[in-house]
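*Asks:* Residue numbers (my numbering): 3 to 162.
(1) For residue 91, is the classification buried or exposed, using 16 other Cβ atoms within 10 angstroms of its Cβ as the cut-off for buried?
(2) Helix, strand or coil for residue 120, going by three-state DSSP, please let me know.
(3) Look at the alpha carbon of residue 140 and the alpha carbon of residue 159, and state the distance between them as a whole number of angstroms.
(4) What do you reckon, are the CB atoms on residue 148 and residue 134 nearer than 8 Å?
(5) Report the rounded CA-to-CA distance for residue 154 versus residue 127, giving the unit in angstroms.
(6) With a cut-off of 8 Å, does the C-beta of residue 22 fall near any C-beta of chain B?
(7) In angstroms with no decimal places, state the Cα-to-Cα distance between residue 10 and residue 53.
(8) Are residue 12 and residue 56 closer than 8 Å when you measure CB to CB?
(9) I'd like to check one pair, residue 74 with residue 18: are the Cβ atoms closer than 8 Å?
(10) Name the two residues that bound the continuous beta strand (DSSP E) containing residue 53.
Here it is, written out as structure tokens:
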């Protein structure tokens with residue numbers, strides 16, 4: 003049983019207002035019957051019985067358990083993250099608007115953390131001027147490291 007098939011089945015169960023009537027899913031030779039049995043055994047769905055007050059006739063239905071609800075929600079969050087729809091831009095962009103994949107809590111949108119032990123240059127030119135103040139091998143090392151840092155920043159922004 004693959005996860006995609008199970009998620010499709012769980013979403014179908016979730017859409018039913020009163021749950022699904024289990025008699026429709028007792029044939030384990032069908033795909034839905036196999037999914038029903040698998041999800042029931044894995045506690046992704048749970049059954050309940052309703053009785054008709056007039057006749058006393060009882061019918062058994064199934065609905066998603068908390069585990070089933072959680073799996074469908076995780077799938078929804080994963081799809082939004084993959085398609086880039088997890089963060090909905092607004093007219094005013096705010097920091098921390100992205101949501102963590104697992105917790106759903108806001109996370110900082112800038113992956114690069116500030117190191118407050120060092121000053122932040124006003125521009126790349128200011129950084130380059132600072133590197134050029136050094137002599138000989140120190141100058142070469144400073145220019146190399148600053149440009150590697152710039153490339154890393156560029157790569158991080160592109161991956162966002």
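Heads up, the beta-carbon is just placed ideally off N, CA and C, and yes, glycines get one too.
*Replies:* This is what the structure holds:
(1) Confidence in residue 91 is poor, its pLDDT being 47 and thus under 50, which makes the residue's placement too unreliable to answer from.
(2) Looking at residue 120 - three-state DSSP - the assignment turns out to be coil, as it is neither helix nor strand.
(3) 28 Å
(4) no
(5) 17 Å
(6) Absent here is chain B; the protein component of the structure consists of one chain.
(7) 29 Å
(8) Result no, Cβ atoms of residue 12 and residue 56 do not sit closer than 8 Å.
(9) no
(10) 47-53
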